[in-house]
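Number of protein chains: 2
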Amino acid sequence: MSTTMGPEKPPKPVDLSHHLSELSKARGISPLKGLQKYFGRPGLITLAGGFPSPAYFPLADITVNALIPESFALVPAPHPPSSLSWFWKLFGTDKAKERTSSVTIPKYPTLPGDVKLAVCLQYSEAVAQGQLQEFLRHFVSKVYQPLIEDHSILIDTGNTDGWNRAVMMLCNPGEGVLCEEWTFPTAVASMLPSNIQPVPIAMDGLGLRSDDLERVLSTWDADARQMSRPHVMYIIPVGQNPSGSTMSTERKKQIYDICCKYDVVIVEDDPYYFLQMNDYVPKHKRSPEQATDAKHFLASLSPSFLRFDHESRVIRLDTFSKTIAPGSRLGWFTCNSMFAERLQRQGEISTQAPCGFGQSIVTKILLNWTYDGYIRWLRGLRTEYTQRRDFIIDCFSEEFNLQIGPPTTAVWSGCTTYHAALKQAGVHNGKHPFQGRTMFSLVPPVAGMFLWASYIKLHLDQHPSYTPEREETLEMQLFVQLAEDGVIAAPGWVFSAAAMAGSGDETPGHFRISFSLAEFSDLQKAVKIFERVLRKFFEEQS
Amino acid sequence: MSTTMGPEKPPKPVDLSHHLSELSKARGISPLKGLQKYFGRPGLITLAGGFPSPAYFPLADITVNALIPESFALVPAPHPPSSLSWFWKLFGTDKAKERTSSVTIPKYPTLPGDVKLAVCLQYSEAVAQGQLQEFLRHFVSKVYQPLIEDHSILIDTGNTDGWNRAVMMLCNPGEGVLCEEWTFPTAVASMLPSNIQPVPIAMDGLGLRSDDLERVLSTWDADARQMSRPHVMYIIPVGQNPSGSTMSTERKKQIYDICCKYDVVIVEDDPYYFLQMNDYVPKHKRSPEQATDAKHFLASLSPSFLRFDHESRVIRLDTFSKTIAPGSRLGWFTCNSMFAERLQRQGEISTQAPCGFGQSIVTKILLNWTYDGYIRWLRGLRTEYTQRRDFIIDCFSEEFNLQIGPPTTAVWSGCTTYHAALKQAGVHNGKHPFQGRTMFSLVPPVAGMFLWASYIKLHLDQHPSYTPEREETLEMQLFVQLAEDGVIAAPGWVFSAAAMAGSGDETPGHFRISFSLAEFSDLQKAVKIFERVLRKFFEEQS
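Chains A and B, in that order, are what the protein sequence lines are.
The numbering of the first sequence is our numbering, which starts it at 381 and goes up by one.
The numbering of the second sequence is our numbering, which starts it at 381 and goes up by one.
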C-alpha cells in the first residue's frame, strides 16, 4: 500500500463508523426539534435557554500585556541563561527588559467582529469562539496540510481531555489500545477504569517500531489474549513522553500503512510538535547557528500523520499547554467530521465549551500576533528549548566524562549514545571504585522537554550491593537520596505501559529528567547534586 | 427518623464506600511512590514534570475592570428596565454609568500570597488555586453551614462537569437515578449513554414529592423493573429547571430522611440558589420594598441539604455560571472526603484543573470584593431577577386577562395559579371564538430564571382542531409559528424524564420561558407576539 504527499486528489475516506463505541453511539443531546433553523436569525428574541444577561457579568473589560512574538531569539545565545525568568522573579515590577503589547477585550467592543466578552463569557455550543475557530482552521491547513480537505477542527480543554474523549468514543470495555512501550501514565489512567488495556509496542530511537506493530497485529490471537485485535492506537510521535524520541517521516508512513491494513484509528498526541530541534552538538564543537526563516522552520518539522491520512483515520490532538501556557486548558482535535460530531456531543455533557476567559485571552493574543507572529513565537520557543537541552547536557559533560559509544539497549538503536563515567575522586578523597566505568547512558533528544526519559539507564548492575531482587529497592534508595539532597527526577517505572497494565515488570534502571522548567542555574546545580549523590551512593556500599 | 439543625454534635457519618461504581474503584493515577513527601520543600529543584518555564507564558499581566459589588440596587426600581445592558450595547465606550474597580494579576506579583499568573497558568493538581480554595471554604461554611464539619470542597468546570463526574463515580451501567419528573435534559444525557436510566418522581408546587419518593422506593420491585433499587438522586431544589419550583425546608428534611432510610446519595444541583425571590405581587398591589441586610438575606434562603446531612450523603454542586458568568466554567463540589478524592482522580484524567485564566480572574475579583462584597453582589442579582420575573408577568397581565384560580394540574398543587384569557378581539376584528376562556395557566416562580417552565400549560384541548393524536403536531405548529414571528420558547417535552428514558409520552402542553436574558423591551415585545400568535392560531382553525 502506498501513501502520497503529492498534490493529486486524495481518494474518498473509508467508512469508520464501525469504530464508534457503544457509549458514543448512544450519546447525544436532543435538539429542539424543528426549531433549530431559527436560531441566529436577526431580531429573534430567544426565551429558550437559561442564559443570564451579559449585564450581570461583572466585567467591563480585560486588558492583557502580552509578550511580543519576537521575545525570544531565533538562534541560541552564546552564553546562556538567556531566559529572563530569573530577572522577572527578582524584579517583578521592573519591566525594562520585557517587550509587551497591550490588548483589550471589552464586554461590548465598538469594532464589529472583535472578540467580545459578552459572547465569550456566555453559554455556547461546545465549540470554539468564531475568531479562534477561524485562526485554528487557517493554522492547521497551513502548518499540517491535512491530505483530506474536509477535516473538522473541534476545541477541547487540552490533550488529556482530548484523549479521554477519544477513548470514550472509540473503545468498549475489554478492548485494547496500541501504544508505545513507554508512555504517558495519564493516558493509560484514562483507559484502565473502563477495563481498556494498553497493548505495548516495542520502541527504538525513532519511537514506536513498525515491524513490531506489524508482528503484534498480524499474529494477534484473540482467544489467547482474551481480547479482540486492537483498533485504536495512542502515539506521541514527537519528543515522545517519556523517551524523548522523534519519529521520521518514513516511519510514520510505515505505521500509517499498517494501520490502514489492520483498520486501526490513530490518535496522534503531539504537544511537543513545535519543540523540534537540531541534533545536539557538544559544546566544544558547536558553531554559531544561522536563523532559518518561517518557511524553512515549518518545512523542517516532522509531518503530522494528517499529511498522509487518505482514509481519515487520524485524530490529531493539539494543545496550547506547551506553546502558550498549561493553564490555558485549551486544545483541539483535527479529525473527520463524524468523529468531531461525536466528540462535540461528549463535550456537551462534560466540559461544555472551554473557559471563556481563556478562549478570549488566547484568541485576542493570537489575533494581535497574527498567524505569522505566532509562527515567530514558536520559532523563538524552539530555540529556547534547544538552549535548555544543550545546557543540561553541557552540565553533564562538565560533571562526568561523556563518551559516545554503542547503544546499550534496543530502545536506543540507531541513536548517538553518550556514556557517562565519574570524573572526580570518591567522596572519601580516594580513588572511586567506579572511576572510569560507565555509570549511566543517555541520548540527547531532538524534540520536547525530556532528557532521555527512560533513556538514562542507571547501570545499577554495576552497584556493589546489586542482586536482581534488590534492584528496585536500590533504585528507590537512589531517588530518595536525590530528593533528600534537593533534586526530584521522575523514575522510569511510572511510564511502563506493561507495568501499568499489570502485565510486566516495573522495569527499573531508567529515569526522566525534564529540562523545561528549572532556571539554568538550578539545572546546573541539579546535575552537580546528581553527580555527588551518584558518586557517594556507589562508593558507600562498595 | 429525626433531623437536626441545632448545635449538638452530629453523629459520625455512615460508610458510603459501597456506593462507588466499578469505574470509580479502579480510577486513580499512580503517585511517584515514596517521593511525594518531598514536593514543595523549599529549595527543591524539580526535574520531574513536563512543566514549561513560566518565562514562556506570553503574559506579563492581566488587568480586569470589574463591576463593583454595589452595581445593582437592593430593591426593585419603580420603573424598569433598570438593567444597563441596552446602554452598554449602544454606547460601549462610554463608561459614564458603569462603576468599576480595576484589579491586576501580574505574572510575578510583588506582594507575597497575591494571585500569581506564573502559578495559575502552570499545571497543577486538579484542585482550586490556593486563594480560591480558601475563599470557597469560607463561603461554604458561612452560607451553607454544613452539618458535618469535615466536608471537602473540590473545584470543577461547572455543574455539567460536576454531575457527569458524580454519575461516573456513583453509577454502574444498568442502574437508575431518581430525579424530578421534569428535569434538566443535559443531566439525563450524561447518564443514558452508559445505560443509566432516569427514574422520575412526581412533583408538586414544591418540587419532588416526598410521598411519591417513599412510594417508589418502598414498593421497588427489582425483578419487574429489571433494575436494582436506585441509590442516587439528582435534584434541583431551587428554581427548578424547568418547573421553577422551590423546595421548602420541611420537604427537604422529609426527602433527606427517606434517602437515609433507603441509602440514597443526594446530588443537589443548585445553580439558582442565590436567585431566590419574594412572592410575585400583581403590579397594582405592589408596594415599595425595604432592603434586607446581608444577614437576613442569607437567613431567607432555603437551606441546602448540607444543613441536614448528618450521614455525609449529599454532594452539592455549586457554580459561578449564574453569579459571575457561564463562560467562567467554574464550579465546585461540597461532599465527604472519600467522594472528593475519587472526583479529583476523575478530574486528573479529563479536565485537569479548570482554566487558569478563569481561576485567576474570578479569584482576583472575589478577593477584591471580599466575602461581604460577593454577598452584596448576590443580593443585587437577586433583585435584578425579581424585577425581571415581575416585569414579564406584568407584561402577560397587560396582554391577557390574568385571574387567580384553582391549580389545573397536580404539579401545581399548593400554588397560586394564574389563568390567562384573551383580552383583545380576534385578528379578523370580530369577537374571538375563545374570548374569555382560559388559554394557558402559569405559576410565578420564587427563584431562578424560568417562568413556570412546564407550568405554562397550553390548553390545546381547547383548540378547534384538537384530537389527542394531533396534539403534538398542533403544539409544534404553534412553536414554529412563534419562531416565524420572532420568539423562541423551549417546548416542555424536552424536559420530560420519562420521555428521555423512552418510557413515557413526550407530554405536550407545556413550555418554558426564561426571563433571564432578553432586554426588558424584548421581553415585552415577545409577550405581545405570543398573544398575537396565540390569538391567530386558535382563531384561524376554528
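Ideal Cβ positions, reconstructed from N, Cα and C, are used throughout, including at glycine.
As the structure is a prediction and not an experimental result, all values here were calculated from the model.
Query                                                                                                                                                                               : Result
List the residues of chain A that B:E478 touches, going by C-beta distances under 8 Å, in chain order.                                                                              : A440
Kindly indicate if chain B contains any beta-carbon less than 7 Å away from that of A:R446.                                                                                         : Per the sequence shown, residue 446 of chain A should be read as Ala rather than Arg. It does: the Cβ of A:A446 has a partner Cβ on chain B nearer than 7 Å.
Where are the alpha helix (DSSP H) runs, 4 residues long or more, that stay fully inside the region 569 to 597 of chain A, in chain order?                                          : none
Which residues does DSSP list as the beta-bridge partners of A:M613?                                                                                                                : A:L558 and A:I646
Since B:W757 meets chain A, which of its residues come closer than 8 Å, beta carbon to beta carbon?                                                                                 : P438
In whole angstroms, what separates the C-alpha of A:F685 from that of A:Q525?                                                                                                       : 10 Å
Is the Cβ-Cβ distance between A:S576 and A:C551 less than 7 Å?                                                                                                                      : A small fix is needed here, since residue 576 of chain A is Ile in this sequence, not Ser. Going by C-beta atoms, A:I576 is nearer than 7 Å to A:C551.
Using only the alpha-carbon positions, how far apart do A:S404 and A:R722 sit?                                                                                                      : 6 Å
Roughly how far, in whole angstroms, is the beta-carbon of B:F737 from the beta-carbon of A:C735, given that I think they are within contact range, below 8 Å?                      : 6 Å
For B:C559 and chain A, any beta-carbon pair shorter than 7 Å?                                                                                                                      : no
Any beta-carbon of chain A closer than 7 Å to the one on B:L718?                                                                                                                    : A quick correction: the sequence has Met, not Leu, at residue 718 of chain B. Taking Cβ atoms only, chain A never reaches closer than 7 Å to B:M718, which makes this a no.
Is B:R407 close to chain A, meaning its C-beta is less than 7 Å from at least one C-beta of that chain?                                                                             : yes
Going along chain A, which residues have a C-beta under 7 Å from B:Q732?                                                                                                            : G538, T540 and R709
In whole angstroms, give me the CA-to-CA distance for B:T853 and B:S821.                                                                                                            : 21 Å
With respect to the alpha helix (DSSP H) encompassing A:W600, which residues constitute its N-terminal and C-terminal limits?                                                       : Neither: A:W600 is in no alpha helix (DSSP H) and is coded neither H nor E.
For A:L858, which residues from the same chain have a beta carbon less than 6 Å from its beta carbon, with the 5 sequence-adjacent residues on both sides left out?                 : F917
Let's test the definition: count the other Cβ atoms within 10 Å of the Cβ of B:N809 and tell me whether it reaches 16, buried, or not, exposed.                                     : exposed
When the Cα atoms are used, what is the spatial distance from A:T818 to A:A800?                                                                                                     : 5 Å
Spell out whether any CB of chain B is found under 7 Å from the CB atom of A:C795.                                                                                                  : no
With A:A878 as the anchor, note down where its alpha helix (DSSP H) starts and where it stops.                                                                                      : A877 to M880
Three Cβ pairs or more, each shorter than 8 Å: is that satisfied between the region 619 to 628 of chain A and the region 590 to 610 of chain A?                                     : no
To be precise: take each residue of the region 499 to 527 of chain A, compare its Cβ to all Cβ atoms of chain B, and keep it if any distance is under 7 Å. Which residues remain?   : C500, L501, Q502 and Y503
Less than 8 Å between the CB atoms is what I'm expecting for A:S625 and A:L586, so what's the real figure, rounded?                                                                 : 6 Å
Against chain B, with Cβ distances strictly below 7 Å, would A:P580 count as a contact?                                                                                             : no
State the start and end residues of the unbroken alpha helix (DSSP H) segment that holds A:W543.                                                                                    : N539 to L550
According to DSSP, what are the bridge partners of A:N781?                                                                                                                          : A:A801
Kindly list the residues whose CB is nearer than 8 Å to the CB of A:F780, restricted to its own chain and excluding five residues on each side of it in sequence; keep chain order. : A800, A801, L802, K803, M819 and E911
Return the CA-CA distance between B:W873 and B:E560, expressed in angstroms with no decimal places.                                                                                 : 14 Å
In angstroms with no decimal places, state the Cα-to-Cα distance between A:S717 and A:A898.                                                                                         : 41 Å
Please state the DSSP three-state secondary structure of A:G816.                                                                                                                    : coil
Any contact between the region 538 to 556 of chain A and the region 701 to 716 of chain A? By contact I mean 3 or more CB pairs, one from each, below 8 Å.                          : yes
For A:P456, which three-state DSSP category applies?                                                                                                                                : coil
A:L415: which of B:G866, B:A440, B:Q511 and B:F814 sits nearest, CA to CA?                                                                                                          : B:G866
7 Å is my cut-off, CB to CB: does A:M657 come that close to chain B?                                                                                                                : no
Among the candidates B:P573, B:E919 and B:R407, whose CA atom is the shortest distance from the CA of A:E728?                                                                       : B:P573
Could you check whether B:I755 and B:A674 sit closer than 7 Å to each other, using their CB atoms as the reference points?                                                          : yes
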